[in-house]
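Protein chains in written order, with our numbering: chain W, 1 to 228; chain H, 229 to 456. Have a look at the structure below before the remarks.
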DNA sequence: ATTCATATTTATCGATCGTTAAAAACGATA
DNA sequence: TATCGTTTTTAACGATCGATAAATATGAAT
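As structure tokens, this is what we get:
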């Protein structure tokens, strides 16, 4: 008690190095993985730290050891998931321009659906939280979701130069993104309406058919147009 | 005290008549109105009985006097809102067939947007809760939302007989509904992306332009086709 | 004025929420 | 083995949730 242990002077000790052990990264990863799953099943305000703790098989206060708040954790998950999509999206355009509109669009959608099948949570997280941010206290990563949308449009315009007006291109890409995100992020709903199973081949085929059906006419027009 | 008042026989008293006073209906209406607003601002599990009580300027337990559970109240709100939309939707088709695809679609969308401006909460409630019902405990009125979607498709096919395959018509109507509900139910999101104000004339014009741009080509095809 | 069913308020229940503090377990260094 | 920083667990906080029970207010019929 009292104080004055030894010299009293140094005091700094080992605070200059974080000493991040390997276990630290492992647990952090486990939490992020579990959080991605929970945030893909429940909208932000319905998902809970305790659910995530249970999914990660750790006690929930440990989450606050690695992430200061629930909002910060959500933003990290959102950042990863949208970044992953962004990178993949760029690759889907490779070698498309030579194929023409029909085959090009078809191949793009095939690649897109492949990704969606392997990473369904990305779409769920976006659709679950895209709508909720109105009137209510804004959702933590809201800006990221909007940026994500804007970036996919930008990628498209870079990869496939079209000859239409800016508004035409904007309408086309926004429609494609809206339909795609809805059909994949709310697949239970749409599959239910169509009398199909959400993850089935049949439903995926319908999504592809439907996207091509709606997008192709205008895409042809913008591609084949007066050239440029 | 004791008992045996007069004959003792009747006992039933006034239980055969509910005696619903006028005030009862008034309060019930006030609760439904407030609930419609709150459920248009927050998804089901985020909205609370206490919010609704505050919006209706009553103490929240009174809500449980008129509605057994939060779920029952939500279902009632959903029923009213979708019914209102359903009835309006039928009227929007009046006199369209004579106009041809361009003018007909334009007028339909005008009527549709008029309704959306006057009843924005319908779209909010649907979009807010359409996605959330996956993995999670189902949302109370989920079936109603799906039925609502199916009914609008049915109305369309009744009003505008098309000459395409069943799948083509299904893809077209589903796309229209999906785009429309998203643009109006998540207007803050989409307007934000486009750099517009959610309720502005400019944004509404964009929605109309965009719907026509995407729907018209296939509509023309299905209308003008091999007739019959 | 009294009675009594209806309508509304007050108080409270058990459950869950995000977060914090303190205790305990762990693991490498001395 | 003892020490000490890091990681994990345990316990608890104040707040909010939907729902219930009991107390009170209201208002028409006797």
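Where is the CB? At the ideal position from N, CA and C, for every residue including glycine. Only a predicted model underlies this, so the values are computations on that prediction, with no experimental measurement involved.
Inset, instruction - Can you pull the chain W residues whose beta carbon is under 9 Å from the beta carbon of residue 437 (chain H), in chain order? - result: Taking the second chain and counting its residues from 1, the one referred to as residue 437 (chain H) is at position 209. Those are 167, 171, listed as they occur along chain W.
Legend entry - Start-end ranges of the alpha helix (DSSP H) lying completely within the region 171-209 of chain W, minimum 4 residues: Complete alpha helix (DSSP H) runs here, min 4: 187-194.
Inset, instruction - Report yes or no: is there a C-beta of chain H within less than 9 Å of the C-beta of residue 43 (chain W)? - result: Position 43 of the first chain holds residue 43 (chain W). Under the Cβ distance rule, residue 43 (chain W) counts among the residues neighbouring chain H, one pair being separated by less than 9 Å.
Legend entry - Proximity below 9 Å, CB of residue 178 (chain W) to CB of residue 405 (chain H): For the purposes of this step, residue 178 (chain W) is taken as the residue at position 178 of the first chain. For the purposes of this step, residue 405 (chain H) is taken as the residue at position 177 of the second chain. No, the pair does not count as a contact, with Cβ atoms beyond the cut-off.
Inset, instruction - Assuming residue 417 (chain H) and residue 146 (chain W) form a contact by the criterion Cβ under 8 Å, report the distance between their Cβ atoms to the nearest whole angstrom. - result: If you number the second chain from 1, residue 417 (chain H) lands on position 189. If you number the first chain from 1, residue 146 (chain W) lands on position 146. That pair is a contact at about 7 Å.
Legend entry - Proximity below 9 Å, CB of residue 321 (chain H) to CB of residue 384 (chain H): Looking up residue 321 (chain H) in the second chain gives position 93. Looking up residue 384 (chain H) in the second chain gives position 156. Taking the C-beta atoms as reference points, residue 384 (chain H) is found nearer than 9 Å to residue 321 (chain H).
Inset, instruction - Could you give the DSSP three-state label for residue 47 (chain W): helix, strand or coil? - result: Position 47 of the first chain, counting from 1, holds the residue named residue 47 (chain W). Coil.
Inset, instruction - For chain H, find out if any of its Cβ atoms is closer than 9 Å to the Cβ of residue 214 (chain W); answer yes or no. - result: Residue numbering aside, residue 214 (chain W) sits at position 214 when the first chain is read from its first letter. Put simply, the CB of residue 214 (chain W) is near chain H, with a gap under 9 Å to one of its CB atoms.
Inset, instruction - Using a Cβ cut-off of 9 Å (strictly closer), state whether residue 243 (chain H) contacts chain W. - result: Start at 1 with the first residue of the second chain, and residue 243 (chain H) comes out as number 15. Only weak support exists for where residue 243 (chain H) lies, its pLDDT of 33 falling under 50; the value from the coordinates is given anyway. So, not an interface residue.
Inset, instruction - Leaving out five residues on either side along the sequence, give the residues of the same chain with a beta carbon under 6 Å from the beta carbon of residue 446 (chain H). - result: For the purposes of this step, residue 446 (chain H) is identified with residue 218 of the second chain, where counting begins at 1. Within the same chain, residue 446 (chain H) has close Cβ partners 400.
Inset, instruction - Just mark residue 398 (chain H) as buried or exposed, buried being the case when its beta carbon has 16 or more other beta carbons within 10 Å. - result: Position 170 of the second chain, counting from 1, holds the residue named residue 398 (chain H). Taking every protein chain shown into account, the CB of residue 398 (chain H) has 16 or more other CB atoms within 10 angstroms, so this residue is buried.
Legend entry - Beta-carbon neighbours of residue 192 (chain W), restricted to chain H and to distances below 7 Å: Along the first chain, read from residue 1 onward, the residue named residue 192 (chain W) stands at position 192. Correct list: 374.
Legend entry - Rounded separation between residue 279 (chain H) and residue 270 (chain H) - CA only: Counting from one through the second chain, the residue named residue 279 (chain H) turns up at place 51. Counting from one through the second chain, the residue named residue 270 (chain H) turns up at place 42. Their backbone Cα atoms lie some 10 Å apart in a straight line.
Legend entry - 8 Å Cβ cut-off: residues of chain W touching residue 379 (chain H): On the second chain, residue 379 (chain H) is found 151 positions in, with the first residue counted as 1. Near residue 379 (chain H) there are no residues of chain W at all, since even the closest Cβ is about 11 Å away, more than 8 Å.
Inset, instruction - Reducing DSSP to helix, strand and coil, say where residue 99 (chain W) ends up. - result: Here residue 99 (chain W) refers to the residue found at position 99 when the first chain is read from its first residue. Under the three-state reduction of DSSP, residue 99 (chain W) is assigned to coil, being neither helix nor strand.
Inset, instruction - Indicate the three-state DSSP secondary structure (helix, strand or coil) for residue 60 (chain W) in the structure shown. - result: The sequence position of residue 60 (chain W) within the first chain is 60, counting from 1. Coil, per DSSP.
Inset, instruction - Give the secondary structure of residue 321 (chain H) by DSSP, where H, G and I count as helix, E and B as strand, and everything else as coil. - result: As a position in the second chain, residue 321 (chain H) is number 93, starting the count at 1. Coil at residue 321 (chain H), not helix or strand.
Legend entry - CB contact below 9 Å: residue 186 (chain W) versus chain H: Taking the first residue of the first chain as position 1, residue 186 (chain W) is located at position 186. Yes - at least one Cβ of chain H is within 9 Å of the one on residue 186 (chain W).
Legend entry - First and last residue of the uninterrupted alpha helix (DSSP H) at residue 295 (chain H): Looking up residue 295 (chain H) in the second chain gives position 67. Going by DSSP, residue 295 (chain H) is part of no alpha helix (DSSP H) at all; its letter is neither H nor E.
Inset, instruction - Kindly indicate the opening and closing residues of the alpha helix (DSSP H) around residue 358 (chain H). - result: As a first step, residue 358 (chain H) is located in the second chain; it is residue number 130 there, counting from the start. Element bounds for residue 358 (chain H): 348-358.
Legend entry - Partner residues on chain W for residue 410 (chain H), Cβ-Cβ distance less than 7 Å: Here residue 410 (chain H) refers to the residue found at position 182 when the second chain is read from its first residue. Within 7 Å of the CB of residue 410 (chain H), the CB atoms of chain W belong to 178, 182, in sequence order along the chain.
Inset, instruction - Could you tell me whether the Cβ of residue 431 (chain H) comes closer than 9 Å to any Cβ of chain W? - result: Working through the second chain from its first residue, we reach residue 431 (chain H) at position 203. Interface criterion not met: the Cβ of residue 431 (chain H) is under 9 Å from no Cβ in chain W.
Inset, instruction - Compare the C-beta of residue 217 (chain W) with all C-beta atoms of chain H and state if any pair is closer than 9 Å. - result: In the first chain, the residue the question calls residue 217 (chain W) occupies position 217. Put simply, the CB of residue 217 (chain W) is near chain H, with a gap under 9 Å to one of its CB atoms.
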